[in-house]
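Number of protein chains: 2
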Amino acid sequence: MTPEPEETRPIRLLLADDQALVRGALSALLSLERDLDVVAEVSSGDQVVAAVREHRPDVALLDVEMPGMDGIEATAAVRAAFPDVRVLIVTTFGRPGFVRRAMQAGASGFVVKDTPAAQLADAVRRVHAGLRVVDPALATESLFAGESPLTARETDVLRAARGGAAVSALARALFLSEGTVRNHLSAAIGKTGAGNRAEAVTIAEGNGWL
Amino acid sequence: MTPEPEETRPIRLLLADDQALVRGALSALLSLERDLDVVAEVSSGDQVVAAVREHRPDVALLDVEMPGMDGIEATAAVRAAFPDVRVLIVTTFGRPGFVRRAMQAGASGFVVKDTPAAQLADAVRRVHAGLRVVDPALATESLFAGESPLTARETDVLRAARGGAAVSALARALFLSEGTVRNHLSAAIGKTGAGNRAEAVTIAEGNGWL
DNA sequence: ACCCACCCGTGACAAATGTCAGCGCGACGA
DNA sequence: TCGTCGCGCTGACATTTGTCACGGGTGGGT
């Protein structure tokens, strides 16, 4: 447990989550803490920087899964513009790759949505104090599953192939030759250890490479 | 707005959601309402019936996505054992098929996670009062996208094909001939209007047929 | 008794997919 | 400068996938 601050001013918080219900609920949860103060709520990554500029929070709580700019990109944008704002990432999925990318983007912490509610406020306080907060199990896992082995193009193609589109459609969408698409897919399949595209997609998604 | 009850006893609530953080946050949010009382929280569908038996809530708030028994199955189980307990389904995805199946299972309401937080308490009150609560947009959509056109076996095969397994693997897993697997897949592809398995999977998932 | 839908299987065919070798180009570091 | 790597392209090949026609079996309705 982090020692409760005695008489400092409250920690100013910004919440970003596309699901209004979750956002509101988190707000209610954190507002119960006397030393925390939710000063802004936004529903997409694009709004984060503007909201930070306007409300000057100490800590930004960002969801990874958001429309428009995702949590990772938003992290980078915030850190670039306001280096003293700490970022704490919250997410549904404990994808190893996400942790790594979030940290590289300048996040101070990473919390999965199935950690106990009581720990969230504590994580916020730790982050505000300059500490790093990462679920230990997730941290070790993210060391094992390293950087994405996929090249930029392979990632593009694989991402475009998620919905189950045919090679011809992918080629049109990406302005590539069909042969090239198949080569990239083949490379991605090889690197992921999969037996076909669909499996490659699930493996890559599971590792946070997409 | 539903008229606030003046001097009745509070509505007893049960919360079921596998993500502890969300569960705790919802609990905090709903506990702010004077006429609501969260009397139990569980993290999986299997625990729901037992918790209902023990705590006798008026309303059960169930997430659809849960390990073990999902929210729909849990709804049916609760309604069978305790007919006067109302069920309100909460979910991330507004899959049309989910709404239909939830209602058929005996749910009284269906709320998507991106509705404003302020409306949740109201939805609970309405459900408790015996009314049905469904997002209007979702309701009309769920009328259009009707019952799943897939047969039991087709659903099995398509579900097994989600990860991207090859026909040979599916055949082994389901104890079927490879030809039969391909026939079922072909039927599913035709019925979903897809061009291949992967697309059929995404379409079926999008409609809540899996 | 009949029809019908579903299930499981076979066999054969066309199309899509995955693999491989090889080519040129540009960028980047040694 | 050279070697390496990513990128894009081609062409050829084996395998997988999707489709279709067909048959047999079961069980539920009318």
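Residue numbers (this note's numbering), protein chains in the order written: chain A, 2 to 211; chain B, 2 to 211. The C-beta atom is built at its ideal place from N, Cα and C for all residues, glycine as well. In this text, all values refer to a predicted model and were calculated from it rather than measured experimentally.
Taking the straight line between their C-alpha atoms, what separation do you get for residue i and residue j?
{"i": "A/Pro62", "j": "B/Glu179", "result": "This sequence places Leu at residue 62 of chain A; Pro is not what is there. Their backbone Cα atoms lie some 49 Å apart in a straight line."}
{"i": "B/Gly69", "j": "A/Arg57", "result": "43 Å"}
{"i": "A/Arg101", "j": "A/Gly194", "result": "21 Å"}
{"i": "B/Gly164", "j": "A/Ala108", "result": "31 Å"}
{"i": "A/Ser187", "j": "A/Ala161", "result": "14 Å"}
{"i": "A/Arg35", "j": "A/Ala205", "result": "42 Å"}
{"i": "B/Thr152", "j": "B/Ala189", "result": "9 Å"}
{"i": "B/Pro6", "j": "B/Ala199", "result": "With a pLDDT of only 49 at B/Pro6, under the threshold of 50, the placement of this residue in the model should not be trusted; the figure read from the coordinates follows. Rounded to whole angstroms, B/Pro6 to B/Ala199 spans 51 Å at the Cα level."}
{"i": "A/Ala103", "j": "A/Asp18", "result": "16 Å"}
{"i": "B/Val23", "j": "B/Val91", "result": "11 Å"}
{"i": "A/Val39", "j": "A/Arg54", "result": "15 Å"}
{"i": "B/Ala21", "j": "A/Ser169", "result": "44 Å"}
{"i": "B/Thr156", "j": "A/Ala29", "result": "41 Å"}
{"i": "B/Val182", "j": "A/Leu211", "result": "30 Å"}
{"i": "A/Ala81", "j": "A/Ala52", "result": "15 Å"}
Which one or two residues does DSSP pair with residue i in a beta bridge?
{"i": "B/Ala172", "result": "Looking at the DSSP assignment, B/Ala172 forms no beta bridge with any residue, so it has no partner."}
{"i": "A/Leu159", "result": "Per DSSP, none; premise fails for A/Leu159."}
{"i": "B/Thr152", "result": "Answer is none; B/Thr152 lacks a bridge partner."}
{"i": "B/Ile190", "result": "Answer is none; B/Ile190 lacks a bridge partner."}
Are the C-beta of residue i and some C-beta of chain A separated by less than 8 Å?
{"i": "B/Lys114", "result": "yes"}
{"i": "B/Gly209", "result": "no"}
{"i": "B/Thr193", "result": "no"}
{"i": "B/Val223", "result": "Residue 223 of chain B is absent from the structure shown; chain B starts at 2 and stops at 211."}
{"i": "B/Ala103", "result": "no"}
{"i": "B/Ala118", "result": "yes"}
{"i": "B/Leu63", "result": "no"}
{"i": "B/Leu37", "result": "no"}
{"i": "B/Leu15", "result": "no"}
{"i": "B/Leu121", "result": "yes"}
Under 9 Å Cβ-Cβ, which residues of chain B neighbour residue i?
{"i": "A/Val202", "result": "Gly165, Ala199"}
{"i": "A/Leu30", "result": "Leu22, Gly25, Ala26, Leu27, Ser28, Ala29, Leu30"}
Can you round the beta-carbon distance between residue i and residue j to whole angstroms, since I take them to be within the 8 Å contact cut?
{"i": "A/Val113", "j": "A/Gly95", "result": "5 Å"}
{"i": "A/Gly25", "j": "B/Ala118", "result": "2 Å"}
{"i": "A/Asp136", "j": "A/Phe111", "result": "7 Å"}
{"i": "A/Gly209", "j": "A/Gly72", "result": "About 12 Å separates the two Cβ atoms, so there is no contact after all."}
For residue i, would you say it is in contact with chain B, using Cβ-to-Cβ distances shorter than 8 Å as the test?
{"i": "A/Val23", "result": "yes"}
{"i": "A/Ile12", "result": "no"}
{"i": "A/Leu186", "result": "no"}
{"i": "A/Leu159", "result": "no"}
{"i": "A/Leu139", "result": "no"}
Taking residue i as the query, report the chain A residues whose CB atoms sit under 8 Å from its CB, ordered along the chain.
{"i": "B/Gln20", "result": "Thr93, Lys114, Asp115"}
Show which residues of chain A have a CB atom less than 9 Å away from the CB atom of residue i.
{"i": "B/Gly196", "result": "Gly165, Ala166, Ala167, Ala170"}
Counting only Cβ pairs nearer than 7 Å, list the residues of chain B close to residue i.
{"i": "A/Leu33", "result": "Ala29"}
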